[in-house]
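Residues 0 to 314 (numbering that gives the first Met the number 0) are what the sequence shown spells out, left to right.
For glycine and all other residues, C-beta sits at the position ideal for the given N, C-alpha and C.
Just so it is clear, the structure is predicted and the values come from calculations on it, not from any experiment.
Have a look at the structure below before the remarks.
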Amino acid sequence: MNRTGSARRSRVGSRAASTLAIAAALLLGFGAPACKKDGDSAAPGSKGAAKDPKGGGVTLRYNTAARTLKKNIKGSFTVTSGRGGGSISADLSGQLDFTDNGEGTLKVSYKVLELRDYKSEMPQPEAGEGGEQAGPPPDPKAVAQSVTGAVIINDRGEPDEDKTKALPENKRDENADPQVQSIHGMVEGMLGVPELPDEALEVGKPVSKSEEKEIPSPMGMKIPSEIDTTIKLISIDESTGKRLATVEVEVEGGGAVEAQGNMISMESSATQTTIFNLDDQIPVSTKVTSTNAYTFGTQGSFELSFNYEASFEPG
């Protein structure tokens, strides 16, 4: 193998791994409904309580009481481009420990309980190229099995990024091997909880909204984008003795920004379907599909796709 080819493959591997690490959380979050940043998001009445659908709509909120849930997860994440790509897939179970964090927020600590399957088909960076660490590549399964951390959320599951980053259990080595970063990004994203709509919803009456916001990109900059969101309360099933609400969120968006003389554009679409127990105020299951396509002027393009299914049960 000549050095030029080796360096090119190393750069592709490093870029793909770093892209996966950043984009895993991005794609999961993109499928969630847009949220208010100011004021209390809880419905009128009891904090976090779900209203009777006959009373003008139903709200979905997490109970702030301490509890433990087991999350069973299957997901795959793929990046494709003309210069290379890769994929990661996982089948695992994790433990989520909810504790009251005060002021209507929760701390959710997570860890991997069981890793049934893990496949990583990423280009392997070579030692000494592109600033990569020397030594053998990490064992993907061992890295995935060791993932732990915590997140601070409000009663809709919306993370507080600053408070979450400040938690000591989330301290990370920013100079870690790109492969390790990509695995952590994938697994940590899968161990999150679904974000819930801010609005009160009525069965069969979709709520649509359009907004402009800056979307983080795997390239580091934020892209000004127009986002269209439609939220539907599909049904409330009471056949099990509990009120189980099925909510579907569809998101489409796109935008562009100029950087280093190139126009970088993004087109995104995502669908999230969540079944939520209104009485116990916990998720039952969630499914996310998401695709983000990026174009770098005349320099090329790449696409990120994510498919993810999970079920929850008392731990």
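Check the Cα spacing between K140 and each of A199, D116, R60: the tightest is with D116.
Contact check for M265 and S216: beta-carbon distance about 7 Å, within the 8 Å limit, so the pair qualifies.
Where T239 is concerned, there is no enclosing alpha helix (DSSP H), because DSSP gives it neither an H nor an E.
Here S224 really is in contact with G252; their C-beta atoms are around 5 Å apart, less than 8 Å. A straight-line Cα-Cα distance of about 45 Å links R242 and S300.
Using a 10 angstroms sphere on the CB of K70, the tally of other CB atoms reaches 16 or more, which defines it as buried. When beta bridges are read from the DSSP output, E257 appears opposite M262.
In the displayed model, A309 falls within a strand according to three-state DSSP.
In this structure the segment 157-173 does not lie against the segment 67-84, because fewer than three pairs of beta carbons, one per stretch, are closer than 8 Å.
The count of Cβ pairs closer than 8 Å, one atom from the segment 197-212 and one from the segment 99-106, stays below three, leaving the stretches out of contact. Around R66, the same chain offers F97 as residues with beta carbons nearer than 6 Å, after the five sequence neighbours per side are excluded. Closest by C-alpha distance to L232, out of A269, E211, L277, M218, is L277.
For the 8 Å CB-CB criterion, E302 and T79 form a contact. For K208, the enclosing beta strand (DSSP E) stretches over residues 206-215. Comparing alpha-carbon positions, the option among V246, E120, E160 lying closest to S86 turns out to be E120. Rounded to the nearest angstrom, the gap between the Cα atoms of K204 and L114 is 40 Å. Around the Cβ of M189, a 10 Å sphere holds 16 or more other Cβ atoms; the residue is buried.
Per the coordinates, the alpha-carbon of P313 lies some 31 Å from the alpha-carbon of D138. Restricting attention to M218, F275, T285, the CA atom closest to the CA of M262 is found in M218. Bridge pairing for A149: S108 [DSSP].
In the three-state reduction of the DSSP assignment, Q280 falls in the coil class. Assigned with DSSP and collapsed to three states, Q298 falls in coil, not helix or strand. The three-state reading of DSSP puts E160 in helix, counting H, G and I together. Nearest Cα to K212 within the set T163, A255, G156: A255. Around the beta-carbon of M185, 16 or more other beta-carbon atoms lie within 10 Å, marking it buried. Our two residues, G83 and D176, have alpha carbons roughly 19 Å apart in a direct line. Rounded to the nearest angstrom, the Cβ distance from G148 to E187 is 6 Å, consistent with a contact under 8 Å. Straight-line measurement puts the Cα of F305 at about 16 Å from the Cα of T273.
Around the CB of E257, fewer than 16 other CB atoms lie within 10 Å, so the residue is classed as exposed.
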